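Protein chains in written order, with my numbering: chain A, 7 to 241; chain B, 7 to 241.
Every residue gets a Cβ at the ideal spot worked out from N, C-alpha and C, and that includes glycine.
Note that the structure is predicted; figures quoted are calculated from it, not measured.
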C-alpha cells in the first residue's frame with residue numbers, strides 16, 4: 007500500500023530546512039532505522055555529500071539517520087532495501103536525468119507501490135506525478151524523457167503561486183503556463199501551495215497543511231479545494 | 007552579415023503588443039515587402055492563425071505585411087525566400103519542438119547568418135542563443151534536443167527579473183536558477199530585462215532599450231552592463 011508524503015516545499019519563509027514538516031516526518035517514518043536520501047536534484051548546485059548532510063541534520067531532530075544514495079555501489083538495491091526514502095528538491099531536470107542514468111525509475115516505482123514510506127519535497131514531489139511537464143525549474147540539463155513515477159494519477163505544480171495583481175512583469179503567470187500545458191496534455195494538475203502536502207495512503211489522497219490547493223483540468227476553469235479534501239477522484 | 011533584433015519581451019506593461027518596438031521594426035525591416043512569422047510558440051495555446059493575425063495587426067502599423075509559416079507547404083523554402091523573419095514568444099519547448107519537427111533549425115541558421123533581418127521576442131530570442139537551457143518556460147512538450155541556433159556565442163534569459171527582497175516565496179530566484187545552470191554548462195548567460203534588446207550586426211552585439219543587463223558567467227560573480235554596451239567579447 008502506497009505511503010507517501012508529497013510536499014510543495016522543504017522550507018517555509020523564516021524557518022529552518024524541513025522545520026514545519028518534522029512532526030510529520032517523525033510519524034511517517036516511525037519504526038525506520040535509516041532513511042535513504044536521494045540528493046540528485048542538488049539545489050543551487052550543492053554537492054551530493056553536502057545535500058545529504060543538510061537532510062541528515064534535519065532528520066536527526068526526528069531521531070532518524072540518513073544515508074545518501076550516492077554512497078551505495080548499487081543504488082537500485084539501496085532503493086529496494088530502504089526502510090524509508092526521501093527525495094529532496096532542487097532542479098527537476100537534473101533529478102530526472104540522474105534517475106534515468108541510474109535506471110532507478112522502475113525500481114523506485116515498484117518499491118513505493120509496495121509501501122516503503124516516501125517523502126518528497128518540491129522536485130521530489132514533482133516526480134510522483136505522471137510527468138515532470140509542470141515543473142517550474144530551468145531546463146539546465148536534458149533528461150532522456152519527461153515521464154516520471156506516476157504514483158498519483160495527475161501532475162503536481164510545486165511552489166504554486168497565485169498571480170500577483172500588482173505585477174507589471176510580462177512573463178507568464180503560473181496559471182497561464184498550466185493553461186498552455188493543457189493545450190497538449192490531458193491530466194489534471196494540482197497547484198500545491200507552499201506549506202501544503204498530499205498524503206497518499208494506498209488509493210486515498212488527502213490535501214494537508216492548512217491551505218487550499220488549486221486544481222487545473224483541461225478545458226475547465228480552475229477551482230480551489232480546501233485543506234483535508236480528498237483527491238481520490240482526480241484523474 | 008547577421009542582422010538580428012533579440013528582444014526580451016514583445017509587450018511592455020500597459021502597452022499594446024509590440025508597441026515599444028514599432029520604431030525599431032520599421033527601421034529593421036526597411037525595404038521588406040512581407041515578413042515571415044513563426045507562430046510555433048503559441049502563447050497561452052493560441053492558434054497559429056490567431057497568433058499570426060496579432061503579429062500582422064502590429065506590423066501593419068509599421069507598413070509591413072505578415073504571413074505565417076504554417077500557411078506554406080514548404081516551410082524551409084519559406085524561410086530561405088523570406089524578406090524578413092519574426093519569431094514570436096510563448097513556450098520555448100513548443101517552439102523548439104516544432105522547429106525540429108519541421109527540420110527548420112539548419113535552414114533558419116544559415117538564412118540568418120546570411121543576413122535576412124530577424125526579430126525575436128522572448129522565446130523567439132531564446133532560440134538565437136546556444137541552447138534553450140536558460141528559458142523560464144514550463145516543459146509542456148518534449149523537444150528532441152535543447153540545442154538552438156547559436157547565432158550568438160552565449161545564452162539569453164529573457165524576461166530577466168531581479169530577486170524581490172520582500173518575497174516570502176521559497177521557489178528559486180532567477181539568479182539561483184542560472185547559478186544551477188552554470189554547474190553543468192560553461193557559456194555565459196545574458197539576463198535581458200523587459201524593454202531591452204540585443205542588436206546584432208555581423209559580429210557586433212549591442213545592448214539597447216535603455217536598461218542595464220545582468221551577465222552571468224560560470225564561476226564568476228554576476229555583473230551589470232549598461233545600455234549601449236558592446237557584448238562582442240562575451241563568450
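Under the three-state reduction of DSSP, which class applies to residue 214 of chain B: helix, strand or coil? Sequence index remark: in the second chain, residue 214 of chain B carries index 208 (1-based). Correct three-state label for residue 214 of chain B: strand.
For residue 58 of chain B, collect the residues of the same chain with a Cβ closer than 6 angstroms to its Cβ; drop the 5 residues on either side in sequence, then sort them by chain order. Within the second chain, residue 58 of chain B is the residue found at index 52, counting from 1. Its chain contains 43, 45, 74 as the residues whose beta carbon lies nearer than 6 angstroms to that of residue 58 of chain B, once the 5 sequence neighbours on both sides are disregarded; these appear in chain order.
Quiz prompt | residue 139 of chain B vs residue 152 of chain B beta-carbon contact at 7 angstroms | solution = In the second chain, the residue the question calls residue 139 of chain B occupies position 133. In the second chain, the residue the question calls residue 152 of chain B occupies position 146. Cβ atoms of residue 139 of chain B and residue 152 of chain B: closer than 7 angstroms.
8 angstroms Cβ cut-off: residues of chain B touching residue 152 of chain A | Locating residue 152 of chain A in the first chain gives position 146, counting from the first residue. Among the residues of chain B, those whose CB is under 8 angstroms from the CB of residue 152 of chain A are 145, 148, following chain order.
Residue of B:63, B:53, B:98 minimising C-alpha distance to residue 77 of chain B
What you label residue 77 of chain B is simply residue 71 of the second chain in a count that begins at 1. For the residues B:63, B:53, B:98, the minimum Cα distance to residue 77 of chain B belongs to B:53.
Once you ignore the five residues that flank residue 149 of chain B on each side, which residues in its own chain have a CB closer than 7 angstroms to its CB?
In the second chain, residue 149 of chain B corresponds to position 143, counting from 1. Within the same chain, residue 149 of chain B has close Cβ partners 99, 102, 103, 106.
- Message: Based on DSSP bridge pairs, tell me the residues matched to residue 43 of chain A.
- Response: Here residue 43 of chain A refers to the residue found at position 37 when the first chain is read from its first residue. Answer is A:74, A:92.
If you draw a straight line from the alpha carbon of residue 86 of chain A to that of residue 119 of chain A, how long is it in whole angstroms? Start at 1 with the first residue of the first chain, and residue 86 of chain A comes out as number 80. Start at 1 with the first residue of the first chain, and residue 119 of chain A comes out as number 113. The alpha-carbon separation between residue 86 of chain A and residue 119 of chain A amounts to approximately 11 angstroms.
- [ ] Look at the Cβ atom of residue 10 of chain B, then the Cβ atom of residue 124 of chain B, and state whether they are nearer than 7 angstroms.
- [x] The residue labelled residue 10 of chain B in the question sits at position 4 within the second chain. The residue labelled residue 124 of chain B in the question sits at position 118 within the second chain. Yes, the Cβ-Cβ distance between residue 10 of chain B and residue 124 of chain B is below 7 angstroms.
**OP:** Along the alpha helix (DSSP H) that carries residue 86 of chain A, what are the first and last residues, could you check?
**Re:** Taking the first chain and counting its residues from 1, the one referred to as residue 86 of chain A is at position 80. Per DSSP, the continuous alpha helix (DSSP H) segment holding residue 86 of chain A begins and ends at 81–87.
Who are the neighbours of residue 167 of chain A on chain B, taking C-beta pairs under 8 angstroms? In the first chain, counting from the first residue as 1, residue 167 of chain A sits at position 161. Here the neighbours are 175, 177.
**Residues within the region 219–239 of chain A neighbouring chain B, beta-carbon criterion of under 8 angstroms** = For chain B, none of the residues of the region 219–239 of chain A brings a beta carbon within less than 8 angstroms of one of its beta carbons.
Look at residue 187 of chain A and residue 146 of chain B and say whether their C-beta atoms are less than 7 angstroms apart. To locate residue 187 of chain A, count along the first chain from 1; it is residue 181. To locate residue 146 of chain B, count along the second chain from 1; it is residue 140. For residue 187 of chain A and residue 146 of chain B, yes; Cβs fall inside 7 angstroms.
Could you tell me the alpha carbon to alpha carbon distance between residue 84 of chain B and residue 108 of chain B, rounded to whole angstroms?
Here residue 84 of chain B corresponds to residue number 78 of the second chain, with the count starting at 1. Here residue 108 of chain B corresponds to residue number 102 of the second chain, with the count starting at 1. Taken atom to atom, the span from the alpha-carbon of residue 84 of chain B to that of residue 108 of chain B is near 12 angstroms.
Q) If you compare alpha carbons, which of B:25, B:133, B:96 is closest to residue 184 of chain A? A) Residue 184 of chain A sits at position 178 when you count from the first residue of the first chain. Nearest option by C-alpha distance: B:96.
Quick check on DSSP: helix, strand or coil for residue 17 of chain A? The residue you call residue 17 of chain A lines up with position 11 of the first chain. DSSP, read as helix, strand or coil, puts residue 17 of chain A in coil.
* To do: Between the Cα of residue 27 of chain A and those of A:237, A:200, A:227, spot the shortest distance and give me the residue it belongs to.
  => Working through the first chain from its first residue, we reach residue 27 of chain A at position 21. The alpha carbon of residue 27 of chain A has as its nearest neighbour, out of A:237, A:200, A:227, the alpha carbon of A:200.
Report task. Report yes or no: is there a C-beta of chain B within less than 7 angstroms of the C-beta of residue 135 of chain A? Result -> Position 129 of the first chain holds residue 135 of chain A. It does not; no Cβ of chain B falls within 7 angstroms.
Just the Cα atoms here: how many angstroms apart are residue 114 of chain B and residue 154 of chain B? In the second chain, residue 114 of chain B corresponds to position 108, counting from 1. In the second chain, residue 154 of chain B corresponds to position 148, counting from 1. Going by the C-alpha atoms only, they are around 10 angstroms apart.
Worksheet item: Using DSSP with H/G/I as helix, E/B as strand and the rest coil, what is residue 197 of chain B?
Response: One-based indexing of the second chain puts residue 197 of chain B at position 191. Correct three-state label for residue 197 of chain B: strand.
message = Suppose you measure from the CA of residue 202 of chain A to the CA of residue 12 of chain A; what does that come to, to the nearest Å?
response = Translated into positions along the first chain, residue 202 of chain A becomes position 196. Translated into positions along the first chain, residue 12 of chain A becomes position 6. A straight-line Cα-Cα distance of about 9 angstroms links residue 202 of chain A and residue 12 of chain A.
Three-state secondary structure (DSSP) at residue 6 of chain A?
With chain A running from 7 to 241 in the structure shown, residue 6 of chain A is simply not present.
Q.
Let me confirm a value: residue 207 of chain B is counted as buried when at least 16 other C-beta atoms fall within 10 Å, else exposed. Which label applies?
A. In the second chain, counting from the first residue as 1, residue 207 of chain B sits at position 201. That one is exposed.
Apart from the five residues on each side of it in sequence, which residues of its chain come closer than 6 angstroms, Cβ to Cβ, to residue 214 of chain B?
The residue given as residue 214 of chain B occupies position 208 in the second chain. Cβ neighbours of residue 214 of chain B beyond the five flanking positions: 203, 205.
Original post:
Residues of chain B with a CB under 9 angstroms from the CB of residue 76 of chain A: which are they?
Top reply: Counting from one through the first chain, the residue named residue 76 of chain A turns up at place 70. Simply none; closest approach about 15 angstroms.
Could you list which residues in chain A have their beta carbon closer than 7 angstroms to that of residue 190 of chain B, in chain order? Working through the second chain from its first residue, we reach residue 190 of chain B at position 184. Here the neighbours are 146, 147.
Exercise for the section: Whole angstroms is fine: what's the gap from residue 62 of chain B's alpha carbon to residue 72 of chain B's? Expected result: As a first step, residue 62 of chain B must be located in the second chain, where it is residue number 56. As a first step, residue 72 of chain B must be located in the second chain, where it is residue number 66. Near 5 angstroms, if we compare the C-alpha coordinates of residue 72 of chain B and residue 62 of chain B.
Chain-ordered chain B contacts of residue 17 of chain A [CB-CB under 7 angstroms] | Position 11 of the first chain, counted from the first residue, corresponds to residue 17 of chain A. Against residue 17 of chain A, the close residues of chain B are 176, in the order they occur along the chain (beta-carbon pairs closer than 7 angstroms).
Buried or exposed: which applies to residue 173 of chain A, given that a residue is buried once 16 or more other Cβ atoms fall within 10 Å of its Cβ?
Within the first chain, the letter at position 167 stands for residue 173 of chain A. Note on residue 173 of chain A: under 16 other CB atoms within 10 angstroms of its CB, so exposed under the neighbour-count rule.
Per DSSP, the bridge partner or partners of residue 166 of chain B:
To locate residue 166 of chain B, count along the second chain from 1; it is residue 160. Per DSSP, B:199.
- Task: Identify the contact partners of residue 187 of chain B in chain A, using a Cβ-Cβ distance below 7 angstroms as the criterion.
- Result: Translated into the one-based positions of the second chain, residue 187 of chain B becomes position 181. Correct list: 144, 146.
### Message
With a threshold of 6 angstroms on Cβ separation, who are the neighbours of residue 136 of chain B within its own chain once the five nearest residues in sequence on each side are excluded?
### Response
Mapped onto the second chain, residue 136 of chain B falls at position 130. In the same chain as residue 136 of chain B, and ignoring 5 residues on each side of it, the C-beta atoms closer than 6 angstroms to its own belong to 156, 161, 193, in chain order.
Straight-line Cα distance separating residue 55 of chain A from residue 69 of chain A: Start at 1 with the first residue of the first chain, and residue 69 of chain A comes out as number 63. Start at 1 with the first residue of the first chain, and residue 55 of chain A comes out as number 49. Answer to the nearest angstrom: the Cα atoms are 20 angstroms apart.
field: residue 40 of chain B: contacting residues in chain A (beta-carbon distance under 9 angstroms)
entry: In the second chain, the residue the question calls residue 40 of chain B occupies position 34. What residue 40 of chain B touches in chain A: nothing, since even the nearest Cβ is about 27 angstroms away.
Assuming residue 236 of chain B and residue 210 of chain B form a contact by the criterion Cβ under 8 angstroms, report the distance between their Cβ atoms to the nearest whole angstrom.
As a working note, residue 236 of chain B is residue 230 in the second chain. As a working note, residue 210 of chain B is residue 204 in the second chain. Confirmed, about 7 angstroms.
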